[in-house]
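*Asks:*
Residue numbers (the UniProt record's numbering): 1 to 259.
(1) Three or more C-beta pairs closer than 8 angstroms, one from the region 145-158 and one from the region 184-197: is that the case here?
(2) Going by CA-CA distance only, name the one from 152, 82, 7, 169 that's closest to residue 111.
(3) Tell me, please, whether the region 239-252 touches the region 207-216 by the rule of three or more beta-carbon pairs shorter than 8 angstroms.
(4) The beta strand (DSSP E) that contains residue 267, what's its start and end?
(5) Express the C-alpha separation of residue 141 and residue 93 in angstroms, rounding to a whole number.
(6) Where residue 192 and residue 258 are concerned, what is the direct C-alpha to C-alpha distance, given to the nearest angstrom?
(7) If you compare alpha carbons, which of 194, 33, 101 is closest to residue 1?
(8) So, helix, strand or coil for residue 177, using DSSP?
(9) Among 250, 37, 23, 33, which residue has its Cα nearest to the Cα of residue 5?
(10) For residue 262, which three-state DSSP category applies?
(11) Output yes or no for whether 8 angstroms exceeds the beta carbon distance between residue 107 and residue 168.
(12) How far does the alpha helix (DSSP H) with residue 80 in it reach, from first residue to last?
(13) My guess is that residue 80 and residue 51 are in contact by the Cβ rule of under 8 angstroms, so how many angstroms apart are they, rounded?
(14) For residue 262, report the span of its beta strand (DSSP E) as first-last.
(15) Please report the straight-line C-alpha distance between residue 229 and residue 172, rounded to a whole angstrom.
(16) Give me, in chain order, the residues of the same chain whose beta-carbon lies closer than 7 angstroms to that of residue 144; leave out the 5 immediate sequence neighbours on both sides.
(17) Suppose the cutoff is 7 angstroms on Cβ atoms and the five residues either side in sequence are ignored; what does the same chain contact list for residue 63 look like?
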């Protein structure tokens with residue numbers, strides 16, 4: 001059984017650490033800073049870092065990779081279409097990789113960056129998704145390189161995974177995202193309830209992640225662009241009739257960028 005810990009980094013990043021307690025082996029996802037991972041390893045003598053998984057090239061996701069590679073010899077797996085430091089394995093869409101004896105499928109999810117990938121582990125009981133900065137709890141990443149059409153397609157692909165999939169994104173943005181979600185759907189009671197819950201969690205110093213796809217489908221406006229209420233709000237915001245779900249998405253993302 002794999003356990004998953006969140007190692008805080010910078011102001012709002014999480015480095016996900018997967019651990020196999022029986023064999024004292026671990027892997028990390030998107031280590032933008034080596035220090036939290038090295039501190040964890042120092043506090044757990046006898047453990048070995050086997051793998052470093054990378055979703056995209058931004059510095060807050062790769063800044064610690066080379067130092068960790070040098071310190072541990074861990075294998076570095078990352079997107080083939082981006083410049084990833086110390087990468088050993090270049091991953092393409094639909095590749096499969098074995099990490100801590102779990103098989104992960106690689107999804108190309110362009111939008112935030114053009115080469116962004118996600119890692120999905122299709123366990124029947126507890127499927128896992130590590131999605132970097134593509135899908136956030138109650139939100140999605142900014143479009144630094146890709147188009148709204150690409151990001152909408154990427155989010156739709158992730159949204160089609162099993163509803164009980166645990167969503168491990170990389171930033172503690174949930175509270176702000178839920179405030180935006182409530183502006184989009186002020187009459188959605190599930191958003192209101194989630195906003196209250198996450199507000200209490202954050203006040204108590206508790207993290208808001210992981211989420212799950214069922215919850216995202218009920219409360220994340222970027223996965224709800226087919227809902228009439230969401231489309232009407234997007235139409236109202238940009239003063240025209242958005243003809244397609246990707247146009248609704250584009251209107252929402254532009255609004256969120258200045259929210």
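Beta carbons: idealized from backbone N, C-alpha and C, even for Gly.
*Replies:* According to the structure data:
(1) no
(2) 152
(3) no
(4) Because the chain here runs from 1 to 259, residue 267 falls outside it and cannot be looked at.
(5) 19 angstroms
(6) 22 angstroms
(7) 101
(8) helix
(9) 37
(10) The requested residue 262 does not occur in the structure, where the chain is confined to residues 1 to 259.
(11) no
(12) From DSSP, residue 80 is part of no alpha helix (DSSP H); its letter is neither H nor E.
(13) The Cβ separation is near 17 angstroms, so there is no contact.
(14) This structure gives no information on residue 262, because the portion of the chain shown stretches from 1 to 259.
(15) 27 angstroms
(16) 112, 113
(17) 32, 33
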